[in-house]
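According to the numbering used here, the sequence shown is numbered sequentially starting from 537. By construction, the Cβ of each residue, glycine as well, lies at the ideal position given by its N, Cα and C atoms.
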Amino acid sequence: MSEAVIIGSGLGGLLTGTILSRAGYHVTVLEKAARPGGALQSFTREGLRFETGFHSVAGLEEGGPLECIFRPLGLMELPWERVMETDEIVVHGVSHRLSDLTFPPGNTIRLSSPTGDVTTEEYSHVMEPFLEGSWRLPSGDLIVKALVAQINGTVRTGCEVTAIEPGRVQCKDGSTYEGIIIADIHPRLAFSLFKGHVRPAYLHRLQALEDGPGIFTVYCKLRPETLPYRPWSTFYEGTLMCHYGNPDAKGFARSVDLLTFCDEKEPDRTALAAHLIHRIPGLQEAIDKYWTSTPATWERYTGTPGGSAYGIRKKAPSCYVHPRTPVPGFYLTGQNCGLHGVLGVAETALTTCREILGEECLNQIMQR
Ligand SMILES: Cc1cc2nc3c(=O)[nH]c(=O)nc-3n(C[C@H](O)[C@H](O)[C@H](O)COP(=O)(O)OP(=O)(O)OC[C@H]3O[C@@H](n4cnc5c(N)ncnc54)[C@H](O)[C@@H]3O)c2cc1C
């Protein structure tokens with residue numbers, strides 16, 4: 537049986553592992569963190585569940601770009617909640633629906649996640665599906681569990697890969713694994729671990745690629761019955777994203793996550809949190825307590841250099857990193873190749889698997 541070794545159990549690693557499992561590979565996923573999932577993980581504080589990264593997805597309507605990937609992998613059986621027709625965006629205090637905004641072709645936009653100045657065509661590939669609505673899950677961990685259960689092999693947590701060579705990886709605890717290698721980590725990190733010859737031009741290109749900003753998050757626990765639960769995401773002036781969570785029986789939110797892009801690795805947490813909280817009417821009074829995470833937290837958590845939230849800055853065509861590397865049997869996957877987000881990462885997993893398995897085999901696996 538062919539062996540595949542996957543470094544990192546983020547969405548990219550788990551989707552690639554699931555598809556390769558279906559193609560008959562024996563798969564070992566090596567994850568440095570204590571739990572699998574990367575930016576799909578949730579955590580609990582004082583009985584409330586908070587999402588670290590993923591909050592909502594688009595493209596799950598029948599025949600939608602994500603549905604076409606998730607259905608054959610059994611992920612449409614998860615308890616997805618369609619949250620509303622469109623997400624809401626607040627510009628200069630006025631609320632708009634995304635569907636009311638026009639995206640003139642070729643224009644540069646800075647909308648809810650400015651991972652760089654990108655043309656509408658490029659960015660809308662991950663944003664446009666939101667015009668059809670968005671979907672949430674009670675927890676991103678449900679995707680993780682559903683994919684881990686389909687891996688034909690092992691998902692080892694607490695197992696940091698410290699060296700990669702052709703056909704073999706070594707972990708911090710001294711264990712080694714052999715097979716084709718797929719890195720679901722930042723390509724610069726992957727090649728900093730690689731002990732073999734790589735064309736210098738390739739390494740120079742990786743070094744030259746800029747990363748997008750990090751994200752600063754405020755996880756707020758609300759006092760009981762203070763703010764109504766709003767089952768959608770609100771984007772304030774394109775820089776502040778607000779997600780309500782943990783609804784109670786009466787329809788009040790028990791938590792709010794505030795997210796904003798952040799270039800500083802470790803900003804003044806108290807000052808920035810106060811600034812963000814102040815921008816949402818009524819939130820200050822409703823908060824019981826809050827916790828924060830910074831780009832430095834993300835750097836420690838996912839290993840992404842500098843704590844960039846979406847990895848390599850999306851500035852097509854110069855940003856594209858192909859899943860096939862110059863080293864035979866060594867592939868990449870995840871948000872740094874192609875686009876970020878659940879949709880971008882899922883599409884890249886298909887590209888990675890197409891490189892390994894070939895078009896025909898992949899098509900057979902992904903048939904509905
Ligand atoms: C704050 C935030 C909010 C977001 N919100 C959304 C959203 O609402 N909707 C959406 O679609 N997308 C969202 N995204 C983007 C989306 O979550 C990511 O694009 C996607 O989950 C990235 O998956 P990945 O597999 O590329 O990488 P990651 O999830 O980063 O996984 C990489 C994994 O590799 C592991 N690793 C690193 N180094 C090593 C090593 N040496 N050895 C072993 N393991 C290692 C890490 O621990 C990690 O688990 C958000 C991202 C962030 C940061």
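Closest option to serine 675, judged by alpha-carbon separation, among Ala559, Ala575 and Leu808: Ala575. Within the same chain, and ignoring the five residues on either side of valine 563 in sequence, the residues whose Cβ sits closer than 7 Å to its Cβ are Ala540, Ile542, Gly553, Leu556, Ser557, Ile687, Asn688 and Gly689. When secondary structure is reduced to three states using DSSP, cysteine 604 falls in the helix class. Between tyrosine 826 and isoleucine 751, the alpha-carbon positions lie close to 16 Å from each other.
Taking non-hydrogen atoms of ligand 1 into account, the C-beta of glutamate 696 is found less than 8 Å away from one of them. With 16 or more neighbouring CB atoms inside 10 Å of its own CB, histidine 591 falls in the buried class.
Residue environment: alanine 569 is assigned as buried (16 or more neighbouring CB atoms within 10 Å of its CB, all protein chains considered).
Selection Pro702, Cys604, Gly560 and Tyr765 evaluated against proline 783 yields Tyr765 as nearest (Cα-Cα). For glycine 689, there is no enclosing alpha helix (DSSP H); the residue is found in the beta strand (DSSP E) stretching over 689-692. The Cβ atoms of glycine 573 and histidine 722 lie no closer than 9 Å to each other.
Proximity of the region 803-814 to the region 727-741 falls short of the contact definition, fewer than three beta-carbon pairs being nearer than 8 Å. When DSSP states are grouped into helix, strand and coil, glutamine 743 belongs to the helix group. At least 9 Å separates the beta-carbon of leucine 758 from that of phenylalanine 730.
Just so you know, the alpha carbons of aspartate 747 and threonine 887 end up roughly 22 Å apart. Fully enclosed beta strand (DSSP E) runs of no fewer than 3 residues occupy 750-758, 769-772 and 776-781 of the region 722-783, in order along the chain.
Bounds of any beta strand (DSSP E) do not take in alanine 789, whose DSSP letter is neither H nor E. Across the set Arg890, Val863, Thr580 and Leu566, the C-alpha of Val863 shows the shortest separation from the C-alpha of glycine 703. For aspartate 799, same chain residues with a beta-carbon under 6 Å away, outside a window of 5 residues either side, are Pro749 in chain order. In terms of CA proximity to glycine 870, Ala726 leads the group Lys786, Lys708, Ala726 and Gly669. Contact check between the region 706-719 and the region 578-587: fewer than three CB pairs, one atom from each, fall below 8 Å, which does not count as touching. With a cut-off of 8 Å, the C-beta of proline 859 is classified as distant from ligand 1, since no heavy atom of the ligand falls inside that distance. For glycine 874 against threonine 884, the beta-carbon gap comes to about 4 Å, under 8 Å, which counts as contact. Looking at Ile605, Gly599, Tyr846 and Tyr837, the one whose alpha-carbon comes closest to that of leucine 683 is Ile605. With contacts defined as CB atoms closer than 9 Å, lysine 708 and threonine 693 fail to qualify as a contacting pair. The bridge partners DSSP lists for tryptophan 827 are Tyr755.
For ligand 1, no non-hydrogen atom lies closer than 8 Å to the CB of alanine 809.
In the DSSP annotation of this structure, the continuous segment of the alpha helix (DSSP H) that includes glutamine 900 starts and ends at 895-902.
Per DSSP, the continuous beta strand (DSSP E) segment holding arginine 672 begins and ends at 670-672. Between ligand 1 and the CB of phenylalanine 730, the shortest heavy atom gap is not smaller than 8 Å. Closest in alpha carbon position to threonine 770, among Ser670, Met612 and Leu611, is Ser670. Glycine 818 and serine 791 have their C-alpha atoms spaced approximately 13 Å apart.
The beta carbon of alanine 882 lies closer than 8 Å to those of Leu547, Leu551, Leu602, Ile605 and Phe606 in the same chain, with the five residues before and after it left out. Within the same chain, Val565, Glu567, Pro572, Gly573, Gly574 and Val691 come within 7 Å of serine 545 by CB-CB distance, once the 5 residues on both sides are set aside.
DSSP, reduced to helix, strand and coil, places isoleucine 816 outside both helices and strands of the structure shown, so it counts as coil.
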